[in-house]
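Undergrad: Taken in order, the sequence shown gives residues 21 to 359; the numbers are from the numbering used here.
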Amino acid sequence: MADIIQLLPDHVANQIAAGEVVQRPASVVKELVENAVDAGATEIRLIVKDAGKTLIQVVDNGAGMTATDARLSFERHATSKIRSAEDLFSLGTKGFRGEALASIAAIAHVEMNTRPHDDEVGTRICMEGGKLTSQEVTVTAAGTSVAVKNLFFNIPARRNFLKSNQVELRHVIDEFQRVSLAHPDIQFAMYHNGNDLFTLPSSNYRQRVVNIFGSRTNEKLVPVSENTEVLKLSGFVYKPEHARKSRGEQFFFVNNRFIKSPYLHHAVVAAFEGLIREQTHPGYFLYLEIDPKSVDVNIHPTKTEIKFDDEHTLYAILRSAIKHSLGQFNIAPLLDFEK
Ligand code: ADP
Ligand code: MG
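(1) Closer than 8 Å is the cut-off here; do at least three beta carbon pairs connect the region 115–124 with the region 83–96?
(2) Mind checking whether the beta-carbon of N400 lies closer than 7 Å to any heavy atom of the ligand MG?
(3) Closest to N215 by C-alpha separation, out of A71, A59, A61, A37, would be which residue?
(4) On the CB-based measure, 16 or more other CB atoms within 10 Å of its CB, does S345 come out buried or exposed?
(5) Contact check, G82 vs G142 under 8 Å by CB: the rounded distance?
(6) Note down the Cα distance separating S100 from P312, rounded to an integer number of angstroms.
(7) Looking at the structure shown, is T333 part of a helix, part of a strand, or coil, going by DSSP?
(8) Compute every distance between the C-beta of R277 and the non-hydrogen atoms of the ligand ADP, then say whether any falls below 7 Å.
(9) Nearest to A285 by CA position, among K343, V42, R339, L28, is which residue?
(10) By alpha-carbon positions, which one of F181, D316, D30, H332 ends up nearest to L111?
(11) Taking 8 Å as the threshold, find out whether the region 22–34 comes into contact with the region 168–187 through three or more Cβ pairs.
(12) Pairing CB atoms from the region 258–276 with CB atoms from the region 296–307, are three or more of them under 8 Å?
(13) Less than 7 Å between the CB of E117 and some heavy atom of the ligand ADP, yes or no?
(14) Could you check which residue in A105, R226, K343, L75 has the C-alpha nearest to that of T237?
(15) Mind reading off the beta-carbon distance from Q35 to G150? Whole number of angstroms is fine, and I expect it under 8 Å.
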């Protein structure tokens, strides 16, 4: 029998990987904004058209890239963020898989303009369906701009699978809010179809929440803080009277990365026991700092699910710290559940 196994060409491998990393416009927003954060930007602008279906552009004033790095950034497994597998356990960056740009370029039209602060001219690179279509020297602002157009242009099934603009925009805004909540020191702005949706000046954690969710949020917030050997916890919960039937604002950040954790969510709910009605949900913005060695962020391509070494301890600390905060703010238990 003849041999039949072949290595897939790069552009095919990239398109397959893209299926995992890029589900919808919001996935592109997440990857591009995280790259801007990793590049040390202090100002990040997100420009979106048609909920990201026609354009997603992220402009940052971060480090920028040399011409060689700009070209390499679109290669699969090309990253400046880790060098060895051990580095995974001391990560200080959002990215590390070196897959995002390669994946995005495989399924869209991408134009990157980038310049390191010390260089006089920059580089413009255009990619289409994973192929380089042009690379030239250009005059451009220091930092990086990546524009992603016509997402899924070469995968009609994916493109047709996208939801309405309203739904896709909701996902984009969710991603934008998550990353801007994680980095209140960075100035963010978001525009949709030419309208100014968010302008977030550099500030602190409380002010960032208020700038995103409105000035009335301020009086809803109860500060939470705890400092133990395994966990440094800070952030806010909404006062119990602001618990809602809809899930509302619920955010966990571990080492400034937004994560989802049904288990830790349960710990928060447990802290509110007796204070909120059943079927209502507490709101929270909780920031956990944990030794990166005791967290595994590499269990899912989008990195929103992570594994903790000692979940039970985190659960207990979280629950008791929140209970304590609620107690300190003299929040009386809700005695009459029927009202
Ligand atoms: P990862 O973020 O996992 O390293 P990416 O494909 O997202 O992989 O990016 C590849 C590389 O390109 C990064 O490691 C970084 O060196 C460079 N890069 C990407 N975006 C930017 C940016 N906005 N500013 C500076 N460098 C960037
Ligand atoms: Mg990245």
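Ideal placement from N, C-alpha and C gives every residue a C-beta, glycine not left out.
All values derive from a computational prediction rather than experimental measurement.
TA: This is what the structure holds:
(1) Because the criterion of three Cβ pairs below 8 Å is met, the region 115–124 and the region 83–96 touch.
(2) Any property of residue 400 remains undetermined from this structure, which presents the chain solely from 21 to 359.
(3) Numbered from its first residue, the sequence shown carries residue 215 at position 195. Residue A71 is the option with its Cα nearest to N215.
(4) Taking the first residue of the sequence shown as position 1, residue 345 is located at position 325. Buried, because 16 or more other Cβ atoms sit within 10 Å of the Cβ of S345.
(5) On the sequence shown, position 62 is the one that residue 82 refers to. On the sequence shown, position 122 is the one that residue 142 refers to. That pair is no contact at about 13 Å.
(6) Within the sequence shown, residue 100 is the residue found at index 80, counting from 1. Within the sequence shown, residue 312 is the residue found at index 292, counting from 1. When rounded, the distance between both Cα atoms is 19 Å.
(7) Taking the first residue of the sequence shown as 1, we reach residue 333 at position 313. T333 falls in the helix class under three-state DSSP.
(8) Your numbering for residue 277 matches position 257 in the sequence shown. Result no, Cβ not under 7 Å from the ligand ADP.
(9) Counting from 1 along the sequence shown, the entry for residue 285 is found at position 265. The amino acid occupying residue 285 in the given sequence is His; Ala does not appear at that position. Taking each of K343, V42, R339, L28 in turn and checking the Cα distance to H285, the smallest one comes out for R339.
(10) Here residue 111 is taken as the residue at index 91 of the sequence shown, counted from 1. The shortest C-alpha separation from L111 is found at D316.
(11) no
(12) yes
(13) Counted from its first residue, the sequence shown places residue 117 at position 97. A quick correction: the sequence has Arg, not Glu, at residue 117. Yes - the ligand ADP has a heavy atom lying nearer than 7 Å to the Cβ of R117.
(14) As a first step, residue 237 is located in the sequence shown; it is residue number 217 there, counting from the start. Taking T237 as reference, the option from A105, R226, K343, L75 with the minimal CA-CA separation is R226.
(15) Locating residue 35 in the sequence shown gives position 15, counting from the first residue. Locating residue 150 in the sequence shown gives position 130, counting from the first residue. Between G150 and Q35 the Cβ distance is about 7 Å, and since that is below 8 Å, they are a contact.
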